[in-house]
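Heads up: the structure comes next, in structure tokens.
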Amino acid sequence: MTTLDWARLISKDRPGSRVLAILLIAIVAGLLFAPFALTGAKAISICVKIMIFAVLAASFDLLLGYTGIVSFAHTVFFGIGAYGVGIALTRLGASWTSLAAGILTAILLSILLALVIGLFSLRVRAIFFSMITLALSAAAQTLATQLSGLTGGEDGLVFRLPPGLMPNARLLDSKLLGLTIDGKVLCYYLILAMSVTFVLAMLRIVNSPFGRVLLAIRDNEFRAEAIGYPVFVFRTLSNVAAAVFACTSGVMLSLWLRYAGPDASLSFEIMLDILMIVIIGGVGTIYGSVVGATAFLIAQGYLQDLLKASSAASHILPGIDQVLSPDRWMLWLGLLFILAVYYFPAGLVGVLRRPAGKLNAKGGRPAKDRFIMIYRWMGRAR
Amino acid sequence: MSRSDLTPLALLPVLMGCAYLAIGNPIAWLTLTIAGVAMGMIIFTIASGMTIVFGLMDVLNFGQGVFITIGAYLSATVFAALSGHLVSPDPGEAGLVILLAIAAAVVGAGLSGLIFERLLVEPVYGDHLMQILVTTGGLIVGEEIIKIIWGVQQVNVTLPPFLSGAVVIADVAIERYRIFAFMVGALVFLSQYLVFTRTKTGLLIRAGVHDREMVEALGYGVRRLFVATFVAGCALAGLGGVMWGLYQQTLVPQIGSQMNVLVFIVIIIGGLGSTGGALLGAILVGVCANYASFIEPKVALFSNIALMTMILLWRPNGLYPASARS
Chain Y
266 MTTLDWARLI SKDRPGSRVL AILLIAIVAG LLFAPFALTG AKAISICVKI MIFAVLAASF
326 DLLLGYTGIV SFAHTVFFGI GAYGVGIALT RLGASWTSLA AGILTAILLS ILLALVIGLF
386 SLRVRAIFFS MITLALSAAA QTLATQLSGL TGGEDGLVFR LPPGLMPNAR LLDSKLLGLT
446 IDGKVLCYYL ILAMSVTFVL AMLRIVNSPF GRVLLAIRDN EFRAEAIGYP VFVFRTLSNV
506 AAAVFACTSG VMLSLWLRYA GPDASLSFEI MLDILMIVII GGVGTIYGSV VGATAFLIAQ
566 GYLQDLLKAS SAASHILPGI DQVLSPDRWM LWLGLLFILA VYYFPAGLVG VLRRPAGKLN
626 AKGGRPAKDR FIMIYRWMGR AR
Chain F
2 MSRSDLTPLA LLPVLMGCAY LAIGNPIAWL TLTIAGVAMG MIIFTIASGM TIVFGLMDVL
62 NFGQGVFITI GAYLSATVFA ALSGHLVSPD PGEAGLVILL AIAAAVVGAG LSGLIFERLL
122 VEPVYGDHLM QILVTTGGLI VGEEIIKIIW GVQQVNVTLP PFLSGAVVIA DVAIERYRIF
182 AFMVGALVFL SQYLVFTRTK TGLLIRAGVH DREMVEALGY GVRRLFVATF VAGCALAGLG
242 GVMWGLYQQT LVPQIGSQMN VLVFIVIIIG GLGSTGGALL GAILVGVCAN YASFIEPKVA
302 LFSNIALMTM ILLWRPNGLY PASARS
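Protein chains in written order, with my numbering: chain Y, 266 to 647; chain F, 2 to 327.
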């Protein structure tokens, strides 16, 4: 490649809409310059969350959007990554070798676990997979809190990163564009690099022949099997791939927070966040996870503040403050999720990719059309 | 459940025998077994409705946990309102309170089930992915609504005098409540058995589970039958919630989603759509959980997953898959 070949970089999976392309470029550029432009700790932490959840949601989309199965154990792999780094750095000391050892162990463990889950639950029918992964995620939460000697129990683990990544490390003597280049900034760009690499890697996977087979399985399992693709093997492999990427996003989380705990990585709330991001962004489009993560996490970061304010303002009406309380965030999230699944199944990317003529169709689309669209997007999990 | 296939039944004595060898103390073993069977009967109450709903219409309700919680909390409200009568030493008076609580739970869970079906499940018939997503959303919203109504703090439930304490039979202390739970579970199984084998509705349900298209082709509206079954399943989950709440004696809003996990394991073990399988699966899970928590408390939750894994290795469809669809 003499010049940078953009089409190959995104695996020839073009955004398919000018607005989407501009949006994606804006997101990447925004994340690239955020440490220079934004000062608040909250804004930066939202940026990092976007990078982490873009990978996590895209890996979930490998399953939901490309393979047509719903896993509730995605947080388990996220947690394995987070705890893998955490446990290695607390046990073996804060060095680069122990970081590498933790990441490798976590990835190996994820591959093994994903294989075992696939072998047991994907053999018969896809719905077993959802039920078994749900049981497993409950078990993982219990395990993480029970094994307090290893995982720190409910409190989790607070640990130190290798010296170069700690906030007190000075990498440049002078300021660069008004920003002190310390370990925290290095960590930010490390996570950004990982995030971009992994999202591009997933684009590569879904646009490979392997990804096409996954799509065929999603759309018609029976036909895919008849053509000669072993559905069970492909689903299991897709599960393994998704697990590895989820695990690496857990690693990214640990690097940033310098903390691994059950609520930060294993809770059902995270699972719902992932589902929300994938649905909002657009199922079956890796780009959707990036756009969805950005939209959702910015909204989440500031809507909770809004809820807090409106709850404080609504004390006159008894009961209403209960409903608007920030503790009831999950209520609104759940309602939003159901509405999104019903009325917004194609997500942001789907809306942006729709031909311009159809957008202006009179009076919106009839319900029947909507469901045909849902079927097309989600496939049928029989 | 095919009549000739009795091999899975042997699992129960095998499991009990292994546990006996591991525990070594006959009295402890018997107490654990009885506790396990009682727990199994409560799980069965919830699982039976769910497995039939799945078998009949291919609808898997991830939100079933909400109805367990609704049942448990409604009964707690009744107990709190009538606490004076509940603690009465007269079994008749306290029993009436329990019956009232069960009635409130069953009606409340059934009605909310009807709303749930209409709003969430009906638009997504025939599509598992959508069902899983939408009913999971329903579970979360339901749990939050319960938190708004009853608060997040844990609620204590006290057993009436005639159900607390234990009876001692030949050195083995059996808690009265476990006998009660067993009897309620047995009653549920018996009445289901009678409905399925002695009534036309039951016949249609069984036929629908086996082959829905054929029943529809014969001119029966499976859809209406299904709504009735769904509501009955939710009502049963409510009943199970009452029983589980009394068993635990403390309620938290997450009680339903915790129970959901056990119920799923039971349904997978038993085979989707099979009541008999659900009964066997529930008792297996109940005793296994009790043995495991006695032998090594930390592995208690994993014991059920291990049990499920081993059974799926042996029979990938579960013990008694009832549905003709695969």
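Yeah, the Cβ is synthetic: ideal placement off N, Cα and C, and Gly gets one too.
Keep in mind that this is a model prediction, so the values were computed, not measured.
Chain A within 7 Å of residue 141(F), Cβ atoms only: Given the protein chain composition of this structure (Y and F), no chain A is represented.
DSSP beta-bridge partners of residue 305(F): Answer by DSSP bridge pairing: none, since residue 305(F) is not bridged.
Please tell me whether residue 323(Y) and residue 345(Y) are closer than 7 Å, where the distance is taken between their beta carbons. In this structure, residue 345(Y) does not lie closer than 7 Å to residue 323(Y) by Cβ.
For the ligand COA, I want to know if residue 252(F) counts as a neighbour, meaning its beta carbon is within less than 6 Å of at least one of the ligand's heavy atoms. Inclusion of the ligand COA in the displayed structure is not the case, the ligand content being empty and no account of it being possible.
Go ahead and pull the three-state DSSP assignment for residue 442(Y). Of the three classes helix, strand and coil, the one that applies to residue 442(Y) here is coil, per DSSP.
By Cβ distance below 7 Å, which residues in the same chain neighbour residue 374(F) in space, the five residues on each side in sequence not counted? Look at the range of chain F in this structure, 2 to 327, and you will see that residue 374(F) is not part of it.
Is residue 423(Y) helix, strand or coil when you go by DSSP? strand
Would you kindly work out how many angstroms separate the C-alpha atoms of residue 123(F) and residue 60(F), rounded to a whole number? Each residue's alpha carbon lies about 10 Å from the other.
3 or more residues per run - each beta strand (DSSP E) lying fully within the region 323-376 of chain Y: none
Residue 651(Y) burial status per 10 Å Cβ neighbour count (16 or more: buried): The structure shown has nothing for residue 651(Y), since chain Y only spans 266 to 647.
Going by Cα to Cα distance, which pick from 329(Y), 383(Y), 295(Y) is closest to residue 550(Y)? Checking every option, the nearest Cα to that of residue 550(Y) belongs to 329(Y).
Bounding residues of the beta strand (DSSP E) (the contiguous stretch that carries residue 174(F)): Start and end: 173-176.
From the DSSP secondary-structure annotation, give me the bridge partner or partners of residue 167(F). 176(F)
Rounded straight-line distance, which links the Cα of residue 333(Y) to that of residue 407(Y): 28 Å
Using a 10 Å radius around the Cβ and a threshold of 16 neighbouring Cβ atoms, would you call residue 315(Y) buried or exposed? buried
Cα-Cα separation, residue 165(F) to residue 254(F): 24 Å
Tell me which residue opens and which closes the alpha helix (DSSP H) that residue 504(Y) is part of. 496-522
May I ask you to list, following chain order, the residues of the region 600-620 of chain Y that have a beta carbon less than 8 Å from some beta carbon of chain F? 600, 602, 603, 606, 607
With a 10 Å radius around its C-beta and 16 neighbouring C-beta atoms as the bar for buried, classify residue 493(Y) as buried or exposed. Its Cβ having fewer than 16 others within 10 Å, residue 493(Y) is exposed.
Quick check on DSSP: helix, strand or coil for residue 652(Y)? Any property of residue 652(Y) remains undetermined from this structure, which presents chain Y solely from 266 to 647.
Distance between residue 145(F) and residue 184(F) (C-alpha atoms, nearest Å): 33 Å
Inspect the beta-carbon positions of residue 286(F) and residue 267(F) and report whether they are closer than 7 Å. yes
Name the residues in the region 167-181 of chain F whose C-beta lies less than 7 Å from a C-beta of chain Y; which are they? none
Coil, strand or helix - residue 136(F) by DSSP: Looking at residue 136(F) - three-state DSSP - the assignment turns out to be helix.
I'd like to confirm the pairing. Which residues does DSSP put opposite residue 157(F) in its beta bridges? 251(F)
Close Cβ partners of residue 450(Y) (< 6 Å) along its chain, the five nearest in sequence each way excluded: 300
Per the DSSP calculation, residue 525(Y) is bridged to which residue(s)? 422(Y)
Going along chain Y in order, which residues have a C-beta closer than 7 Å to the C-beta of residue 262(F)? The contacting residues are 399, 400, 403.
Chain-ordered neighbours of residue 540(Y) on chain F, where CB pairs are closer than 9 Å: 134, 137, 138
Given that a residue counts as buried once 16 or more other Cβ atoms are within 10 Å of its Cβ, and exposed if not, what is residue 215(F)? Exposed, by the Cβ-count rule.
Cross-chain neighbours of residue 395(Y) in chain F, by beta carbon under 7 Å: 133
In the DSSP assignment, what are the bridge partners of residue 435(Y)? 447(Y)
Over what stretch of residues does the alpha helix (DSSP H) that includes residue 321(F) continue unbroken? Residue 321(F) -> no alpha helix (DSSP H), and no H or E assigned at all.
So, does the region 195-203 of chain F touch the region 62-74 of chain F, judging by three or more C-beta pairs under 8 Å? These segments do not touch.
Can you look up residue 552(Y) in the DSSP assignment and give me helix, strand or coil? helix
Same chain, Cβ closer than 8 Å to residue 275(Y), neighbours up to 5 away in sequence not counted: Cβ neighbours of residue 275(Y) beyond the five flanking positions: 465, 468.
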